[in-house]
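The C-terminal residue of the sequence shown carries number 603 in my numbering, and the numbering is unbroken.
Cβ coordinates follow ideal geometry from the N, Cα and C atoms, glycine included.
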Amino acid sequence: MNTISGIKPSEQIKERLNIVDIIREYVPSLKSTGANFKALCPFHNEKTPSFIVSPEKQIWHCFGCGKGGDIFNFVMEIEGIEFVDALRLLADKAGIKLATYDKKLDSKRNRILEVLEEAQDYFHKSLFTFKAKQALDYLLKRKISKKTIAEFKLGYAFDEWHSLESFLKGKDFSAQDIFDSGLLVKDSSGRIYDRFRKRVMFPITNVHGQVIGFGGRILETSSSDKEQAKYVNTPQTLVYDKSRTLYALDKAKQEIRKKRFIVVTEGYMDTISSHQAGIKNVIASSGTAFTLDQINLIKRYTKNLALAFDIDIAGDTATKRSIDLALSSGMNAKVVLLPKGKDPDECIRTDPKIWVKAINSKVPVMEYYFKTTLKDFDAANIEQKKRVAARLLPIISRIFDPIEKEHYLKKLSEEIQVEVSTLKEALEKYPSARTYSYPSRDRSRKRLSEEETEQNRRIKQALDLLFALCLNFPENIPFLISEIESPNMIPLSSYRNLYTLIRLFYNKKEKFDLPEFQACLSKKFPKINQKIDLLLLKTSQAKNKSEDDAKKEIQALAKRFKVFYYKKKLKELEFSLKEKEKEVSRAKKAETRQLLSEFSKISKKLDVILRE
Ligand SMILES: [Zn+2]
-8 MNTISGIKPS EQIKERLNIV DIIREYVPSL KSTGANFKAL CPFHNEKTPS
42 FIVSPEKQIW HCFGCGKGGD IFNFVMEIEG IEFVDALRLL ADKAGIKLAT
92 YDKKLDSKRN RILEVLEEAQ DYFHKSLFTF KAKQALDYLL KRKISKKTIA
142 EFKLGYAFDE WHSLESFLKG KDFSAQDIFD SGLLVKDSSG RIYDRFRKRV
192 MFPITNVHGQ VIGFGGRILE TSSSDKEQAK YVNTPQTLVY DKSRTLYALD
242 KAKQEIRKKR FIVVTEGYMD TISSHQAGIK NVIASSGTAF TLDQINLIKR
292 YTKNLALAFD IDIAGDTATK RSIDLALSSG MNAKVVLLPK GKDPDECIRT
342 DPKIWVKAIN SKVPVMEYYF KTTLKDFDAA NIEQKKRVAA RLLPIISRIF
392 DPIEKEHYLK KLSEEIQVEV STLKEALEKY PSARTYSYPS RDRSRKRLSE
442 EETEQNRRIK QALDLLFALC LNFPENIPFL ISEIESPNMI PLSSYRNLYT
492 LIRLFYNKKE KFDLPEFQAC LSKKFPKINQ KIDLLLLKTS QAKNKSEDDA
542 KKEIQALAKR FKVFYYKKKL KELEFSLKEK EKEVSRAKKA ETRQLLSEFS
592 KISKKLDVIL RE
């Protein structure tokens, strides 16, 4: 390990690591195609490869889903982690020590993670001591092998008040850091003691395998143990947030990508047994309802969800809310039907084949709802018809995909013999997927930003193409500059900066040479230079166009942005005018007149452009 002063760690890492090697660790099928490398995209389903890596520029891009960036973006995306964590992960691979980063950015976080890792080791070693014999027996009796115990780092917390606390203090951690890790409890009189006592310990890890908390199951050896809570969990800490965590996701993620679906169980033991039996695309929700954060976490890996726990469709249960949430956020939810009254762990202990068969015959959640609701249904009974409709319509209303929604409406119509149009009318009473309120703190903000992102994505694509064409066919740059009179006509700021620089460069040199332009940028504007590299890679097909086609396309795109800009201007003016109408003073009237004349001027301009 060594540090080179003066150069940013991220730059050092980029210099030392080859993006192709790193990506190949995750995408083994990456193949050379001359200058670049190609593979099936790991971020979306596809049959022909559109995922491209450029070793020369050290960047990647997928033409299918539009994702792309540098080595850090790739690791962040595929591991589902933040920049700081990607930095740490890649620094390790590059053999670079992140001295300054550790201290400043997340030293507290790191110290807590260290405390938790020590605690994990302590619990794990304790499990193999004489005092923990009953705990180990409990696991072995449940057919958990020693290999699995080691893999999941299962452990035992002694039936003592200060065992872990004194162990950690002996490791020179501060009392505050130990307390902040959530491993201790303070009672009302200020006494501090171990949170987990006489419990079989399940370490809970984040997506990249760091311990962030624990679940502890009581070891029942006497009748008084039955009065204890069966499970105790780490409370919310700086590193542990229950609503953003899914048990064993770190161990399941590769397999989830490979199999293209995830199985969610309710308990740690279900998940552990399943992994032991070789079915590894399995995680546990730890008994709580899904949150939007957890669903988004899963969505990074797959959209296909299979739930392997009891679902009570009549009740307003946590599980049902989870399913509603999954359906209305566009996930494809199925149900794994287990033999009556059995959980996955029991099935696997009886015979792993039962579990495999149940997973393979999973049914869409809607089919499951229909089946359970229509059990013993009598079409002649009007009350029953109403009951079935009342139960299924609210669920149908939340289906995200309109075609699927229509499909199930028809199905319901056939089953209960009521016209589709009547059902549609009834459906309007219920909230649809778009307006369905997520149990999330800031749902309106989230929804808005999603819509914005979709619009931004389209604008970005058009801007990418416009600039890629202009950079590849620089003879069109004078046209671009005369058409786009003001940088403000470029709707996104990063492209606006690029445009301004192209303009300055052209006006100064009176010609445009791409290599010269890039050489010029590389010192003062490395970010924009990188953007150009990415742009050229993203739109590599742009340079294969004929000069004539390129010219036509540039004209069309420039027109599009002009129209977009003027329309937006008109809207703004309209708004200002409405505001002004409320005021009556003379000065305001003059302003109003000015706004009006500007309004008509822009309207005329827009008219001309649109008639061209
Ligand atoms: Zn893709």
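In the three-state DSSP reduction, Trp51 falls in the strand class (E or B).
Taking all protein chains shown into account, Pro40 has 16 or more neighbouring C-beta atoms within 10 Å of its C-beta and is therefore buried. Here the alpha carbons of Lys271 and Ile468 stand approximately 55 Å from one another. A residue is called buried when at least 16 other Cβ atoms come within 10 angstroms of its Cβ; Thr413 does not meet this threshold and is exposed.
Taking C-beta atoms under 8 Å as the contact rule, Tyr557 and Leu597 qualify, at a distance of about 4 Å. In the three-state reduction of the DSSP assignment, Leu175 falls in the strand class, which pools E and B. The beta carbons of Thr491 and Pro506 sit no closer together than 7 Å. Looking from the CA of His115, the closest CA among Glu476, Thr282, Val202 belongs to Val202. Of the residues assessed, Thr212 falls on the exposed side of the cut-off, its CB having fewer than 16 other CB atoms within 10 angstroms. Using a Cβ-Cβ distance cut-off of 8 Å, the region 193 to 200 and the region 70 to 77 are in contact, since at least three pairs of beta carbons, one from each stretch, lie closer than that value. Within a 10 Å sphere around the beta-carbon of Glu109 sit 16 or more other beta-carbons, which makes this residue buried.
Under the rule that a run must span 4 or more residues, the alpha helix (DSSP H) segments found entirely inside the region 4 to 54 read 10 to 17. With contacts defined by Cβ atoms closer than 7 Å, Tyr292 and Ile339 do not form a contacting pair. Distances from the CB of His35 to the heavy atoms of ligand 1 include at least one below 6 Å. Linking Asp504 to Lys534 through their CA atoms gives a straight-line distance of about 15 Å. If you ignore the 5 residues before and after Pro226, its C-beta comes within less than 7 Å of the C-beta of Gly173, all in its own chain and listed in chain order. Unbroken alpha helix (DSSP H) stretches of 4 residues or longer found wholly inside the region 344 to 410: 356 to 364, 373 to 388, 393 to 407, given in chain order. Excluding the 5 residues flanking it on each side, Gln452 has same chain C-beta neighbours closer than 8 Å at Gly57, in chain order. Asn535 carries a helical assignment under DSSP once its states are collapsed to helix, strand and coil. Excluding sequence positions up to five before and after Gly71, its CB lies within less than 7 Å of the CB of Val198, Leu288, Arg291, all in the same chain and listed in chain order. In terms of Cα proximity to Thr139, the closest of Ala417, Met260, Pro19, Asp171 is Met260.
In the DSSP assignment, Asn520 falls within the alpha helix (DSSP H) that extends over 517 to 529. Across the structure, Gln125 and Lys189 are spaced so that their CA atoms are roughly 10 Å apart. With 16 or more other CB atoms across the displayed protein chains lying within 10 angstroms of its CB, Gly146 is buried. In this structure, Gly60 has its beta carbon at no less than 6 Å from each heavy atom of ligand 1.
Judged by beta-carbon spacing, Phe164 lies within the 7 Å limit of Val106, meaning their Cβ atoms are closer than that value.
Ranked by Cα distance from Glu151, the options Arg186, Thr262, Asp178 are led by Arg186. In this structure, ligand 1 has a non-hydrogen atom nearer than 6 Å to the beta-carbon of Gly55. Tyr147 is bridged by DSSP to Val191. Look at Cys32: its beta carbon is less than 6 Å from one of the heavy atoms in ligand 1.
As far as DSSP is concerned, Asp336 takes part in no beta bridge. DSSP places Asn498 in the helix class (H, G or I) of the three-state scheme. In the DSSP assignment, Arg248 falls within the alpha helix (DSSP H) that extends over 240 to 250. Just so you know, the alpha carbons of Ser591 and Ala547 end up roughly 24 Å apart. Taking C-beta atoms as the reference points, Leu460 and Ile545 count as a pair closer than 7 Å. If you draw a straight line from the Cα of Asp524 to the Cα of Thr530, it is about 10 Å long.
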